[in-house]
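S.K.: Going down the list, the protein sequences come from chains L and W. According to numbering that gives the first Met the number 0, the stretch in the first sequence is residues 0 to 520, in order. According to numbering that gives the first Met the number 0, the stretch in the second sequence is residues 0 to 284, in order. From the three backbone atoms N, C-alpha and C, an ideal C-beta is built for every residue, glycine too.
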Amino acid sequence: MFRPLATAALALSLLSPAHAEARSLVLAIGGEPEGGFDPIMGWGHYGNPLFQSTLLRYDAELDLVGDLATDWRLSQDGRVWRIRLREDAMFSDGTPLTAKDVVFTYTAASTAGGLADLTVLKEARALDDTTVELELTEPRITFVARLATLGIVPAHSYGADYARQPIGSGPFKLVEWREGEQLVVAPNPYWHGGEIAFDRVSFVFGSEEAGQALARTGAADLVAVPPSMADAAPPDMAVLKIDTVDNRGLAFPMGPARDETTETGAPIGNDVTADRAIRVAINQALDREALVALALNGHGRPAMGPADGLPWDNPEAAIPGNDPTAAMATLEDAGWTDSDGDGLREKDGLRAAFRVLYPAGDSTRQALALGASQQLRAIGIEAQPTGSSWDEIGALMHSQVVVLGWGAHDPSEIYALHHGDYAGVDYYNTGHYANPTVDAHLEGAEAAGSFDASLAHWQAAAWDGETGFGPKGDAAWAWLVNLEHAYWASDCLDLGSLQIHPHGHGFPITHDLPSWRWTCE
Amino acid sequence: MSAVTEPIGAQPARLRTPYKRAARRGTLALALLAAILLGAQLLPGDALAIDATARALPPQPDHLMGTDLLGRDIAARTLAALAQSVQIGLLAAGASTGVAVILGLGATFGRLADHAVGVLTELALGLPHFVLLIMIAFAMGGGTTGVIVAVALTHWPRLARVLRHEAQTIAASDYVAISRALGRSRLWVARHHLAPHLVAQIVAGFIVIFPHAILHEAGLSFIGLGIEPHLPSIGVMLSESLREIMAGHWWVAAAPGLGLMLVALAFERFGEALRQVSDPAGHIT
Chain L
0 MFRPLATAAL
10 ALSLLSPAHA
20 EARSLVLAIG
30 GEPEGGFDPI
40 MGWGHYGNPL
50 FQSTLLRYDA
60 ELDLVGDLAT
70 DWRLSQDGRV
80 WRIRLREDAM
90 FSDGTPLTAK
100 DVVFTYTAAS
110 TAGGLADLTV
120 LKEARALDDT
130 TVELELTEPR
140 ITFVARLATL
150 GIVPAHSYGA
160 DYARQPIGSG
170 PFKLVEWREG
180 EQLVVAPNPY
190 WHGGEIAFDR
200 VSFVFGSEEA
210 GQALARTGAA
220 DLVAVPPSMA
230 DAAPPDMAVL
240 KIDTVDNRGL
250 AFPMGPARDE
260 TTETGAPIGN
270 DVTADRAIRV
280 AINQALDREA
290 LVALALNGHG
300 RPAMGPADGL
310 PWDNPEAAIP
320 GNDPTAAMAT
330 LEDAGWTDSD
340 GDGLREKDGL
350 RAAFRVLYPA
360 GDSTRQALAL
370 GASQQLRAIG
380 IEAQPTGSSW
390 DEIGALMHSQ
400 VVVLGWGAHD
410 PSEIYALHHG
420 DYAGVDYYNT
430 GHYANPTVDA
440 HLEGAEAAGS
450 FDASLAHWQA
460 AAWDGETGFG
470 PKGDAAWAWL
480 VNLEHAYWAS
490 DCLDLGSLQI
500 HPHGHGFPIT
510 HDLPSWRWTC
520 E
Chain W
0 MSAVTEPIGA
10 QPARLRTPYK
20 RAARRGTLAL
30 ALLAAILLGA
40 QLLPGDALAI
50 DATARALPPQ
60 PDHLMGTDLL
70 GRDIAARTLA
80 ALAQSVQIGL
90 LAAGASTGVA
100 VILGLGATFG
110 RLADHAVGVL
120 TELALGLPHF
130 VLLIMIAFAM
140 GGGTTGVIVA
150 VALTHWPRLA
160 RVLRHEAQTI
170 AASDYVAISR
180 ALGRSRLWVA
190 RHHLAPHLVA
200 QIVAGFIVIF
210 PHAILHEAGL
220 SFIGLGIEPH
230 LPSIGVMLSE
240 SLREIMAGHW
250 WVAAAPGLGL
260 MLVALAFERF
270 GEALRQVSDP
280 AGHIT
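As structure tokens, then:
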């Protein structure tokens with residue numbers, strides 16, 4: 000909701016003379032965590048934990064580099080990571096960070112069941128103060144991504160209120176968090192990474208409109224803006240457009256309607272989308288360029304798969320879109336014809352109709368649902384857009400089509416989206432997709448001896464020449480677009496080089512916040 | 000809102016009785032209503048379709064009120080939204096009036112019933128209107144049904160109070176007493192003596208509630224508890240326009256805002272005039 004008064008008050012408070020002595024930075028990029036700043040409960044899962052540091056980190060090219068770790072290697076059998084820690088790392092309370100803290104963090108996270116999925120961790124052990132071994136129950140090559148996202152918490156002071164008063168070895172320490180309003184952080188004097196150019200960084204939360212209003216008053220230095228606003232930056236701000244793998248697509252229920260429901264009583268399956276011909280025809284028909292123009296104001300690119308352009312993507316799995324003729328031929332061949340002349344196809348009395356659910360508060364997904372619906376009507380499929388709350392979507396997403404979004408810097412997401420074991424788990428495999436061959440490829444990828452060796456397996460899971468989760472195979476999804484994340488950034492702010500962004504517009508841009516510089520006087 | 004104030008002694012030559020005023024304003028309001036409903040019916044099938052090639056266009060001959068970010072014609076969308084609002088308003092106001100009538104007449108069924116209705120009405124009047132509306136709509140899970148139920152359940156108290164008052168007065172009159180003495184049941188009395196006398200108040204009450212229902216439908220949709228956002232709704236359109244006004248797209252807000260104002264105003268004035276006819280003492284507010 001837009002709160003002009005609150006925004007105005009905030010703008011005034013931010014404009015006040017606090018700026019005088021040293022430069023402080025104001026960011027309106029969202030990303031407020033619901034549960035606070037506890038890595039064990041999932042904080043930092045989508046990037047930069049801010050207060051904590053991680054064993055490894057991704058650099059701007061998405062290569063893994065050491066943060067707390069100075070050396071890391073995986074055993075021959077792929078089950079034991081041995082990690083050497085730097086010796087100068089300190090928590091913001093001045094105590095040194097040792098192997099004990101790492102063991103504590105990993106052990107706690109593996110049992111906590113937060114977003115940090117560490118169920119594969121068998122044991123974490125400290126060999127000495129600076130050497131840690133992490134033993135897995137089975138080879139899991141994507142575990143390395145956990146090393147880059149799980150922030151280390153101090154074993155000696157971690158407690159129930161940690162999420163609100165985080166102490167870590169990261170670049171910043173918490174000054175104040177007013178929930179729903181703003182988070183203020185200051186540099187951690189004990190941080191091992193060098194100088195930070197700002198004495199304060201404020202993260203202002205609130206609506207998109209409020210952030211834009213702050214930018215227009217000059218109170219905010221960096222603002223995440225929706226694609227529709229990308230080109231309307233105020234005069235002293237530059238527009239940053241960042242390519243992403245933050246994708247949106249249509250997730251199909253893969254099986255026919257069943258009698259059973261999920262544990263929460265949600266129905267499973269949909270007789271229309273259970274037909275592969277329908278899913279393939281949708282993939283063939285969609286004009287994704289038009290969707291980019293419509294829903295993203297041109298700020299994005301068509302999505303052909305769940306990880307376009309990343310090393311584990313398989314471009315071979317895609318089929319060209321924007322071909323209604325081919326789509327209609329596919330439908331005709333499969334027996335979907337318009338027998339009663341209402342413009343809609345039927346097969347054995349079943350109408351080619353389903354709902355496309357989108358979260359009512361998300362204008363981009365709404366536009367995608369409307370655009371896709373319009374395009375599909377042209378080939379005789381009725382995709383009825385339905386705006387709902389996430390709660391309702393949760394109850395319907397196993398039996399209707401949903402506009403979902405993903406995109407991560409690590410391929411474990413590919414596993415969770417398509418492996419039969421993840422059927423109905425969270426928002427992952429909503430369609431209850433299960434193909435033994437695909438499952439075997441995915442398991443093969445995780446069991447690979449090295450990351451490079453795993454790539455071929457990931458690609459085979461999408462399309463191995465005979466089957467796969469991609470459109471050429473089972474067509475479990477119809478991917479639509481990859482977003483472009485747009486920001487307004489002060490002309491004085493030097494952000495260095497930026498990564499390709501994962502899912503989540505806003506916070507991921509801070510991955511290199513400590514090295515940002517202010518270039519004006 | 001008050002009726003048109005006319006300077007004392009400046010009465011025009013033809014006599015403007017409250018009846019004539021009500022008739023004039025009623026004709027206007029009903030004509031507007033008919034125009035909206037008819038206009039929405041006559042919209043061509045693709046008038047509400049999205050069009051990626053015509054996004055955020057300012058008003059021009061092809062699109063008299065411009066287009067929104069998805070290339071939908073705003074004039075057509077406003078018309079469809081008003082028709083939708085009018086239908087929801089009629090349903091919700093009708094239901095609300097129904098509740099008020101039942102409670103108002105119910106109050107004549109003995110002291111206990113009267114007391115219960117009195118307490119219920121005062122209680123409902125004491126609750127913050129819009130907050131209650133939001134809570135009910137939220138509990139119903141939003142959507143069109145949620146809006147109708149929420150408006151229906153929040154707009155009856157004032158009318159119920161007036162009807163209860165009137166019904167009590169009539170119930171205390173001699174002919175009702177005679178009727179009762181002749182053995183007529185309370186229900187018979189309510190149907191044959193009370194209801195006919197209350198028709199004027201009921202109609203006026205309905206007309207007064209109607210614009211409120213429309214405004215509150217828009218309000219609920221504006222904060223995301225009403226109609227699904229891709230369907231035409233004034234509240235949704237105004238909510239979307241917030242974002243676009245910042246980019247200078249003023250026309251996105253203009254048509255739905257003016258349309259809503261026009262309809263609400265017309266019925267507000269009609270209701271006010273009717274109220275003066277039926278209830279010169281000003282009980283219905």
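Mind checking whether Leu-173 of chain L and Gln-181 of chain L have CB atoms under 9 Å apart?
M.R.: In this structure, Gln-181 of chain L does not lie closer than 9 Å to Leu-173 of chain L by Cβ.
S.K.: Which residues in the same chain as Asp-493 of chain L place their Cβ atom closer than 8 Å to its Cβ, once the five residues preceding and following it in sequence are excluded?
M.R.: Cβ within range, chain order: Trp-515, Arg-516, Trp-517 and Thr-518.
S.K.: Quick one: does Gly-503 of chain L have its CB under 9 Å from some CB of chain W?
M.R.: No, no contact with chain W.
S.K.: Give every residue of the same chain whose Cβ lies closer than 8 Å to the Cβ of Val-400 of chain L, excluding the five residues on either side of it in the sequence, and list them in chain order.
M.R.: Excluding sequence neighbours, Val-400 of chain L sits near Leu-249, Ala-250, Phe-251, Pro-252, Asn-269, Thr-272, Phe-353, Arg-354, Val-355, Leu-356 and Ala-382.
S.K.: Classify Gln-297 of chain W: buried if its beta carbon has 16 or more other beta carbons within 10 angstroms, exposed otherwise.
M.R.: With chain W covering only 0 through 284, there is no way to say anything about residue 297 of chain W.
S.K.: Pull up the CB-CB distance for Phe-108 of chain W and Arg-185 of chain W, whole angstroms please, since I reckon it's below 8 Å.
M.R.: Sure, about 5 Å apart at Cβ, within 8 Å.
S.K.: If contacts are defined as beta-carbon pairs under 8 Å, then Leu-63 of chain W and Ala-55 of chain W qualify, I think. What distance do you get, rounded to the angstrom?
M.R.: Actually they are not in contact, since the Cβ atoms of Leu-63 of chain W and Ala-55 of chain W sit about 15 Å apart, beyond 8 Å.
S.K.: With 16 as the cutoff for other CB atoms within 10 Å, does Pro-305 of chain L come out buried or exposed?
M.R.: Classification for Pro-305 of chain L: buried.
S.K.: Within the 9 Å Cβ cut-off, does Pro-17 of chain W reach chain L?
M.R.: No, no contact with chain L.
S.K.: Grouping DSSP H, G and I as helix and E and B as strand, with all else coil, what is Tyr-18 of chain W?
M.R.: Tyr-18 of chain W falls in the helix class under three-state DSSP.
S.K.: Exposed or buried, Trp-476 of chain L, counting other C-beta atoms within 10 Å across all chains shown (16 or more means buried)?
M.R.: When all chains shown are included, Trp-476 of chain L counts as buried.
S.K.: Here's the rule I'm using: 16 or more other beta-carbon atoms within 10 Å means buried, otherwise exposed. How should His-229 of chain W be labelled?
M.R.: With 16 or more Cβ atoms within 10 Å of its Cβ, His-229 of chain W is classed as buried.
S.K.: If we define contact as Cβ-Cβ less than 9 Å, is Pro-384 of chain L a contact residue for chain W?
M.R.: For Pro-384 of chain L, the answer is yes, since a Cβ of chain W falls inside 9 Å of its Cβ.
S.K.: Please classify Phe-285 of chain W as buried or exposed, where buried requires at least 16 neighbouring CB atoms within 10 angstroms.
M.R.: Residue 285 of chain W is absent from the model: chain W starts at 0 and stops at 284.
S.K.: Locate the beta strand (DSSP E) running through Gly-348 of chain L, then write down its first and last residues.
M.R.: It is not in any beta strand (DSSP E) - Gly-348 of chain L carries neither H nor E in the DSSP assignment.
S.K.: Within 9 Å (strictly less), CB to CB, does Glu-321 of chain L reach chain W?
M.R.: Note on residue identity: the sequence assigns Asn, not Glu, to residue 321 of chain L. No - not a single Cβ of chain W is within 9 Å of the one on Asn-321 of chain L.
S.K.: Mind checking if Leu-214 of chain W is an interface residue toward chain L, Cβ cutoff 9 Å exclusive?
M.R.: Not one chain L Cβ lies under 9 Å of Leu-214 of chain W.
S.K.: Provide the residue(s) that pair with Tyr-357 of chain L in DSSP beta bridges, ordered along the chain.
M.R.: Looking at the DSSP assignment, Tyr-357 of chain L forms a beta bridge with L:Gly-386.
S.K.: Below 9 Å between beta carbons: does that hold for Asn-296 of chain L and Ser-227 of chain L?
M.R.: For Asn-296 of chain L and Ser-227 of chain L, yes; Cβs fall inside 9 Å.
S.K.: Beta-carbon within less than 6 Å of Leu-29 of chain W's beta-carbon, same chain only, minus the 5 sequence neighbours each way: which residues are those?
M.R.: Contacts found: none.
S.K.: If the cut is a Cβ gap below 9 Å, which residues of chain W does Pro-360 of chain L touch?
M.R.: Per the sequence shown, residue 360 of chain L should be read as Gly rather than Pro. Chain W residues near Gly-360 of chain L: Gly-223 and Pro-228.
S.K.: Please check if any C-beta of chain W sits within less than 9 Å of the C-beta of Met-228 of chain L.
M.R.: Yes, contact with chain W.
S.K.: Measure the C-alpha to C-alpha separation of Leu-158 of chain W and Leu-197 of chain W and round it to an integer number of angstroms.
M.R.: Their backbone Cα atoms lie some 11 Å apart in a straight line.
S.K.: Can you check whether the C-beta of Glu-20 of chain L is within less than 9 Å of a C-beta belonging to chain W?
M.R.: Any reading at Glu-20 of chain L needs caution, since the residue's pLDDT is 48, under 50, leaving its predicted position unreliable; the model's value is listed next. Taking Cβ atoms only, chain W never reaches closer than 9 Å to Glu-20 of chain L, which makes this a no.
S.K.: According to the Cβ coordinates, are Ala-265 of chain L and Ala-394 of chain L closer than 9 Å?
M.R.: Yes; because the gap between Cβ atoms is below 9 Å, this pair is in contact.
S.K.: For the 8 Å Cβ check, are there 3 or more pairs between the stretch 478–488 of chain L and the stretch 333–351 of chain L?
M.R.: No, they do not touch.
S.K.: Please identify, using Cβ separations under 8 Å, the residues of the stretch 187–210 of chain L that lie next to chain W, in order along the chain.
M.R.: Going along the stretch 187–210 of chain L in chain order, one finds Glu-207 and Glu-208 with a Cβ nearer than 8 Å to chain W.
S.K.: By the criterion of Cβ-Cβ separation under 7 Å, what are the contact partners of Ala-293 of chain L in chain W?
M.R.: For the sequence presented, residue 293 of chain L should be read as Leu rather than Ala. Going along chain W in sequence order, the residues near Leu-293 of chain L (Cβ under 7 Å) are Ile-49, Ala-51 and Leu-69.
S.K.: Return no unless some Cβ of chain L is closer than 9 Å to the Cβ of Met-236 of chain W.
M.R.: With 9 Å as the cut-off, Met-236 of chain W does not count as an interface residue toward chain L.
S.K.: Which runs of the alpha helix (DSSP H), 4 residues or longer, sit entirely within the stretch 243–313 of chain L?
M.R.: If we require 4 residues or more, the alpha helix (DSSP H) runs fully inside the stretch 243–313 of chain L come out as 275–284 and 287–295.
S.K.: Check each candidate in L:Thr-263, L:Ile-151 and L:Ile-277 and name the one with the smallest Cα separation from Glu-345 of chain L.
M.R.: It is L:Ile-277 whose Cα lies nearest to the Cα of Glu-345 of chain L.
S.K.: Got a sec, what are the start and stop residues for the alpha helix (DSSP H) Tyr-45 of chain L sits in?
M.R.: Counting along the chain, Tyr-45 of chain L falls outside any alpha helix (DSSP H), and DSSP gives it neither H nor E.
S.K.: In angstroms with no decimal places, state the Cα-to-Cα distance between Gly-234 of chain W and Leu-375 of chain L.
M.R.: Looking at the two C-alpha atoms, the distance is approximately 28 Å.
S.K.: So, are the CB atoms of Val-143 of chain L and Pro-301 of chain L less than 9 Å apart?
M.R.: No, the pair does not count as a contact, with Cβ atoms beyond the cut-off.
S.K.: Compare the C-beta of Gln-399 of chain L with all C-beta atoms of chain W and state if any pair is closer than 9 Å.
M.R.: Not an interface residue.
S.K.: With distances taken Cα to Cα, identify the nearest neighbour of Gln-458 of chain L among L:Gly-308, L:Arg-177, L:Thr-136 and L:Ala-218.
M.R.: It is L:Gly-308 whose Cα lies nearest to the Cα of Gln-458 of chain L.
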